[in-house]
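See structure below.
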Ligand code: KIV
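In the numbering used here, the protein residues as written are 1 to 264.
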């Protein structure tokens, strides 16, 4: 398999081939996932919860993401590496450019940021300066306090229509990939059909162009609340490599996530 690029991901969407993505935070897991054929690795700010034991992602810093990005880069040969921009690190142009630069210099191929229309100008600036962007809509965990908890988003018609418009706007601004988190399957399908860039779902049904899971959820080692959409592959296979390989197989065939792991 040759290196995964944004053009390759767009081609996969056009060809109807699903994209398998996982979070990763260090070089050993990055290598294992890469060797099994995972196409996208995300250094998620979920590390604030699964590595640091916090109850949200809000305390994660840009420096921490840069540190983990460097480790993941060292293990990833073919996969596209995306670094999450943490809470309050992309709220004015100069800061955003400086922080995104730090993540790219650490080895990211792309940065991810949560939000809708308020990000259009930022995304234009970043892409014009050579920094590819992945958007993130739906349950955007950095806004957990605004949402009043980790809740499914886009359930009412007006919010759903607004999300479709934001997805189109993010694409028009230059985003090259879009994560959709915890939204009804019908809405994920409408968004996926409305844009030409690939959508990567988590809790968005099996209709998106790809899937992502937090690696700790896939291995069944997350503590506390286990999201309805996650699946413990270790329970099924008893082995890490087999778990990743089965996850990829189920993403590609559309078997993951099934109805019981989706929202309607
Ligand atoms: O931080 C993260 O791991 C994420 C994924 C859940 C998409 O944003």
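Beta carbons: idealized from backbone N, C-alpha and C, even for Gly. A quick note: this is a predicted structure, and the numbers were derived from the prediction, not measured.
Check: residue 234 C-beta below 7 Å from any heavy atom of ligand 1: no
Any non-hydrogen atom of ligand 1 within 7 Å of residue 7 CB: no
Integer Cβ distance of residue 6 from residue 177, believed to fall under 8 Å: 7 Å
Residue 139, DSSP secondary structure in three states: coil
Residue 136 Cβ short of 7 Å to ligand 1 heavy atom set: A distance criterion of 7 Å places the beta-carbon of residue 136 in contact range of ligand 1, judged by its closest non-hydrogen atom.
Distance CB(residue 170)-CB(residue 135) smaller than 8 Å: yes
Alpha carbon of residue 71 to alpha carbon of residue 82, nearest angstrom: So the two alpha carbons sit approximately 13 Å from each other.
Proximity of residue 179 and residue 202 at Cβ, strictly below 8 Å: It is a contact, given that the beta carbons lie within the stated cut-off.
Nearest-angstrom Cα separation, counted from residue 194 out to residue 45: 28 Å
Meets three-Cβ-pair contact criterion under 8 Å: the region 147 to 160 and the region 104 to 113: The region 147 to 160 is not in contact with the region 104 to 113.
Where residue 275 falls: helix, strand or coil (DSSP): With the chain running from 1 to 264 in the structure shown, residue 275 is simply not present.
For residue 174 and residue 13, the rounded distance between their alpha carbons: 17 Å
Where residue 96 falls: helix, strand or coil (DSSP): helix
Spatially closest choice to residue 183 from 228, 65 and 22, by CA coordinates: 228
Residue 164: CB within 7 Å of a non-hydrogen atom of ligand 1: no
Counterpart residues of residue 5 in DSSP-defined beta bridges: Residue 5 pairs with nothing; no bridge assigned.
Residue 38 beta carbon near ligand 1 (any heavy atom closer than 7 Å): no
Residue 117 versus 69, 80 and 172, residue with shortest Cα-Cα distance: 172
Contact the region 155 to 164 vs the region 123 to 134: 3+ CB pairs below 8 Å: The region 155 to 164 vs the region 123 to 134: no contact.
Ligand 1 heavy atom lying under 7 Å from the CB of residue 45: Under cutoff, so the answer is yes.
Same chain only: Cβ atoms within 7 Å of residue 168, ignoring 5 sequence neighbours per side: Answer for residue 168: 194 and 195, listed in chain order.
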